[in-house]
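Letter by letter, the sequence shown follows residues 74 to 328 of this note's numbering.
Even glycine gets a Cβ: it sits at the ideal position worked out from N, Cα and C.
Just below is one structure, and these are the notes that go with it.
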Amino acid sequence: MNLRIALAGKGGTGKTTIAALLCRSLQARKIKPILAVDADPNSCLADKLGLNVERTVGAIREELRANPNAKPAAISKNEWIERQINESLVEAQGLDLLAMGRQEGPDCYCFINNLLREYLGKIGRQYQAVVIDNEAGLEHLSRRTDGRVDIMLVICQPTLSGAKTAVRIMELVRTLQLDIGGCHLVMNQCEGRLSADLAAQFERTGLENLAMIPADPAIADYDVSGRSVNDLPANSPAVAAVDDLVAKLLERSTV
Ligand SMILES: Nc1ncnc2c1ncn2[C@@H]1O[C@H](COP(=O)(O)OP(=O)(O)OP(=O)(O)O)[C@@H](O)[C@H]1O
Ligand SMILES: [Mg+2]
Numbered sequence: 074m075n076l077r078i079a080l081a082g083k084g085g086t087g088k089t090t091i092a093a094l095l096c097r098s099l100q101a102r103k104i105k106p107i108l109a110v111d112a113d114p115n116s117c118l119a120d121k122l123g124l125n126v127e128r129t130v131g132a133i134r135e136e137l138r139a140n141p142n143a144k145p146a147a148i149s150k151n152e153w154i155e156r157q158i159n160e161s162l163v164e165a166q167g168l169d170l171l172a173m174g175r176q177e178g179p180d181c182y183c184f185i186n187n188l189l190r191e192y193l194g195k196i197g198r199q200y201q202a203v204v205i206d207n208e209a210g211l212e213h214l215s216r217r218t219d220g221r222v223d224i225m226l227v228i229c230q231p232t233l234s235g236a237k238t239a240v241r242i243m244e245l246v247r248t249l250q251l252d253i254g255g256c257h258l259v260m261n262q263c264e265g266r267l268s269a270d271l272a273a274q275f276e277r278t279g280l281e282n283l284a285m286i287p288a289d290p291a292i293a294d295y296d297v298s299g300r301s302v303n304d305l306p307a308n309s310p311a312v313a314a315v316d317d318l319v320a321k322l323l324e325r326s327t328v
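Here is the structure:
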């Protein structure tokens with residue numbers, strides 16, 4: 074299996090929380106190795122996974138800028154950075170974490186975005202599952218940071234503005250003809266059924282709603298104290314709902 078899952082959605086909808094819970098569920102199902110990619114420059118996936126990132130892709134790029142002689146003359150810049158990325162992966166129980174980080178220098182993000190995409194194209198195949206937590210908004214879609222994706226989860230809150238954003242995301246996915254196997258909605262902090270009006274707004278995305286993740290006070294508490302989602306009890310409603318979501322994704326997966 075080589076399942077690449079990316080999360081998209083507007084700010085604060087729960088992308089990082091759900092990405093971390095997806096990793097937890099995949100690990101519990103003994104799917105390994107897993108690559109978790111924190112593609113948000115304001116990264117915090119590591120905290121939610123209880124890991125420490127010492128060196129991001131952005132930091133590696135800056136090191137090379139500050140000290141171009143760090144790279145042996147015989148290898149290309151990209152090759153050197155790739156080696157450094159390999160060394161900087163944070164490893165834990167069958168899961169490797171790669172954090173993109175920020176880029177402080179004068180180049181635009183294109184450089185590290187391109188690097189990330191190339192790198193994922195190369196090493197992504199070595200993993201049974203890749204989970205990519207993206208920054209908020211639509212930028213990463215237009216930059217095609219994720220490369221080929223089997224499943225894109227559009228994380229929404231059950232509100233009218235949530236539905237409008239989901240519609241915009243799907244318009245962009247279609248306009249850009251992104252290489253995505255399948256897109257699904259995931260409703261976060263959502264209890265019970267959507268009202269008929271709201272359901273009709275979400276239907277405009279043309280997507281199936283694959284999961285309703287309940288609001289879970291423990292998640293908010295853990296966030297405040299910086300604890301990992303891996304410490305949440307197994308009977309936490311959000312943990313169980315994301316585990317059901319993973320079961321559905323695996324059932325449908327053909328990769
Ligand atoms: N199911 C849930 N129950 C309770 N709180 C939640 C739930 N999902 C997310 N939260 C809380 O909502 C806030 C935003 O979550 P998170 O950081 O995962 O969103 P995000 O989409 O990654 O945000 P950003 O766009 O800033 O990256 C956090 O405080 C998190 O603890
Ligand atoms: Mg986030």
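Local conformation of residue i per DSSP, three classes
i, result
"E164", "strand"
"A79", "strand"
"C96", "helix"
"N207", "strand"
"N151", "helix"
"D289", "coil"
"D169", "strand"
"E339", "Any property of residue 339 remains undetermined from this structure, which presents the chain solely from 74 to 328."
"L219", "Residue identity check: residue 219 is Asp in the sequence provided, not Leu. If DSSP states are grouped into helix, strand and coil, D219 belongs with coil."
"E212", "helix"
"I224", "strand"
"E127", "coil"
"N282", "strand"
Close Cβ partners of residue i (< 8 Å) along its chain, the five nearest in sequence each way excluded
i, result
"A58", "Since the first and last residues shown for the chain are 74 and 328, residue 58 lies out of range."
"G84", "A209 and G210"
"Q255", "Strictly speaking, residue 255 in this sequence is Gly, with Gln absent from that position. D223, I224, M225 and R325, listed in sequence order."
"M243", "V227, C256, T278, G279 and L280"
heavy atom of ligand 2 below 6 Å from residue i C-beta
i, result
"K88", "yes"
"D219", "no"
"D113", "yes"
Beta-carbon contacts of residue i that lie in its chain and below 6 Å, excluding the five residues immediately before and after
i, result
"R263", "Per the sequence shown, the amino acid found at residue 263 is Cys instead of Arg. Correct list, in chain order: P231 and M285."
"L267", "P231"
"G123", "S301 and N303"
"A288", "Q262"
"I133", "I154 and Q157"
"N75", "R198 and V328"
"I205", "A79, V110, A112 and D219"
For residue i, the first and last residue of its enclosing beta strand (DSSP E)
i, result
"G255", "I253 to N261"
"R300", "Per DSSP, R300 belongs to no beta strand (DSSP E) and is neither H nor E."
"A109", "I107 to A112"
Boundaries of the alpha helix (DSSP H) in which residue i is found, first to last residue
i, result
"M243", "L233 to T248"
"N186", "C183 to I196"
"D304", "Premise fails: D304 is in no alpha helix (DSSP H) and is neither H nor E."
"L122", "L118 to L122"
"I133", "V130 to A139"
"Q274", "A269 to E276"
"R325", "P310 to R325"
Own chain residues within Cβ distance below 7 Å of residue i, not counting five before or after
i, result
"N282", "L258, M260 and F275"
"D296", "none"
"L99", "I107, A202 and V319"
Cβ-heavy atom distance, residue i to ligand 1, below 6 Å
i, result
"G174", "no"
"N282", "no"
"I292", "yes"
"D296", "yes"
"I242", "no"
"A314", "no"
"N261", "yes"
"G85", "yes"
"I148", "no"
"A236", "no"
"D317", "no"
"I78", "no"
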